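Trainee: Quick one: the structure is below, questions incoming.
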Amino acid sequence: MIMPNVIIKALKDGPLLVEVDKKTSVTLCRCGRSQTQPSCDGTHVKTGFKAEKSEIKVTE
Ligand code: FES
Numbered sequence: 002m003i004m005p006n007v008i009i010k011a012l013k014d015g016p017l018l019v020e021v022d023k024k025t026s027v028t029l030c031r032c033g034r035s036q037t038q039p040s041c042d043g044t045h046v047k048t049g050f051k052a053e054k055s056e057i058k059v060t061e
């Protein structure tokens, strides 16, 4: 069975991008202010959300 390549990227001052096989599959809010939870709606820009970037690979 071939496992997909999954990477979760926390963008600087922004949401979590979940990438599956190098394509963004979902953008998740991590500022808590989105009106379309759990998705990011861009509100983090208006509220001045600050957070560091990071990245993890999901493996078996
Ligand atoms: S990260 Fe919360 S609205 Fe974008």
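In terms of the numbering used here, the sequence shown opens at residue 2 and continues consecutively. The C-beta atom is built at its ideal place from N, Cα and C for all residues, glycine as well. Keep in mind the model is a prediction, meaning the values are calculated, not measured.
(1) Would you list the residues sitting across from I3 in a DSSP beta bridge?
(2) Of the residues N6, V46 and Q38, which one's Cα is nearest the Cα of L12?
(3) From the DSSP output, which residues share a beta bridge with E56?
(4) Between D14 and K58, is the Cβ-Cβ spacing less than 8 Å?
(5) If you draw a straight line from the C-alpha of P5 to the C-alpha of V21, how long is it?
Mentor: Working from what's here:
(1) Note: I3 sits in no beta bridge, so no partner.
(2) Nearest C-alpha to L12: V46.
(3) Paired residue(s): K10.
(4) Contact flag unset, no.
(5) Near 6 Å, if we compare the C-alpha coordinates of V21 and P5.
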